[in-house]
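Visitor: Numbering (our numbering), first residue to last: 58 to 301.
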Ligand SMILES: [Zn+2]
Ligand SMILES: [Zn+2]
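#1: Can you list the beta strand (DSSP E) stretches of 3 or more residues lying completely in the region 150–229, in chain order?
#2: Mapping DSSP to helix, strand and coil, what is residue 298?
#3: Taking the alpha-carbon positions, what's the residue 220 to residue 165 distance?
#4: Leaving out five residues before and five after residue 146 in sequence, what residues of the same chain have Cβ atoms less than 7 Å from its Cβ?
#5: For ligand 2, is there any heavy atom lying closer than 7 Å to the beta carbon of residue 141?
#6: Cβ atoms of residue 285 and residue 246: under 8 Å apart, would you say?
#7: Answer yes or no: the CB of residue 212 versus the heavy atoms of ligand 2, is any distance below 7 Å?
#8: Please list, in chain order, all residues of the same chain as residue 293 whose beta carbon is under 6 Å from its beta carbon, the five residues on each side excluded.
#9: Is any heavy atom in ligand 2 found nearer than 7 Å to the beta carbon of residue 146?
#10: Tell me the DSSP secondary structure of residue 305 in three-state form.
#11: Would you kindly work out how many angstroms separate the C-alpha atoms of residue 112 and residue 102, rounded to a whole number?
#12: Apart from the five residues on each side of it in sequence, which residues of its chain come closer than 8 Å, Cβ to Cβ, to residue 120?
#13: What are the partner residues of residue 98, as DSSP defines its beta bridges?
#14: Under a Cβ-count criterion, where at least 16 other Cβ atoms within 10 Å of its own Cβ denotes burial, should residue 290 be classed as buried or exposed?
#15: Should residue 281 be labelled buried (16 or more other beta-carbon atoms within 10 Å of its own) or exposed?
#16: In the DSSP assignment, find the unbroken beta strand (DSSP E) run with residue 242 in it and report its ends.
#17: With DSSP run on the structure shown, which of helix, strand or coil describes residue 293?
#18: Using alpha carbons as the reference points, say which of 276, 264, 192 lies closest to residue 238.
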């Protein structure tokens, strides 16, 4: 993976050199990963290079930077999705919504966490971000569609009660993808799993979410966690010490 100190920009096909398309100007998916804020939450912009429609996942902070990248690729934001309501993932919601008008989505089980933003902010010693109305509540089995892409919503409680992952399978509407992709929030990381000692966390639930849902996906699935580097389901199944 190519990493720059500022933003990390990659097209998915560059993650797997053996499958690299000969023409980098025609990527299979526009994927911009932007580690934002004090806790370096990975904000993801996922765009269709043909229609330029995109969704933004976890705009935790640094909305100017996110908007700059949306502008650089001339993307139209169709939805703003939160994998969960921790402050480092939702801090930029209000501002990004003001600029894009795109509906904001999260799972209903994380609404108490979202409304408790003052407590989360005090815990970290930072000012609380502006709260906004959540326009669409997500649940297991929902399908998000933008451009020629679709993502399945998978409810993965454990790190928080309303944690969700977005899964983009190959084939069908996602015909250009050569490998499935999952945006896993803070549930599964490269070599680790999410913490379960915060409000509403549960070790038993996170292990069930990972084993019964995430590890059921194909080994080739690229995992984009809420923090740190990307990995694959197969690699985590084989090497993640928390899944032994
Ligand atoms: Zn986080
Ligand atoms: Zn979190």
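By construction, the Cβ of each residue, glycine as well, lies at the ideal position given by its N, Cα and C atoms.
Guide: Checking against the coordinates, here is how it stands:
#1: Unbroken beta strand (DSSP E) runs of no fewer than 3 residues, entirely contained in the region 150–229, are found at 161–164, 193–195, 200–203, 206–212, 221–225, following chain order.
#2: If DSSP states are grouped into helix, strand and coil, residue 298 belongs with the helices.
#3: Distance between the alpha carbons of residue 220 and residue 165: 10 Å.
#4: So the list reads 98, 115, 117, 139, 140, 283, once near-sequence residues are dropped.
#5: Yes, Cβ of residue 141 sits closer than 7 Å to a heavy atom of ligand 2.
#6: With respect to the 8 Å criterion, residue 246 and residue 285 are classified as neighbours on the basis of their beta carbons.
#7: Outside the cutoff, so no.
#8: Nothing meets the Cβ criterion.
#9: Taking 7 Å as the cut-off, the C-beta of residue 146 counts as close to a heavy atom of ligand 2.
#10: Since the first and last residues shown for the chain are 58 and 301, residue 305 lies out of range.
#11: Going from the Cα of residue 112 to the Cα of residue 102 covers about 6 Å.
#12: Apart from the 5 residues on each side of it in sequence, residue 120 sits with its Cβ closer than 8 Å to the Cβ of 149, 152, 153, 156 in its chain, given in chain order.
#13: When beta bridges are read from the DSSP output, residue 98 appears opposite 93.
#14: Per the 10 Å Cβ criterion, buried.
#15: Buried, by the Cβ-count rule.
#16: Start and end: 238–242.
#17: Here residue 293 carries a helix assignment [DSSP, helix/strand/coil].
#18: It is 276 whose Cα lies nearest to the Cα of residue 238.
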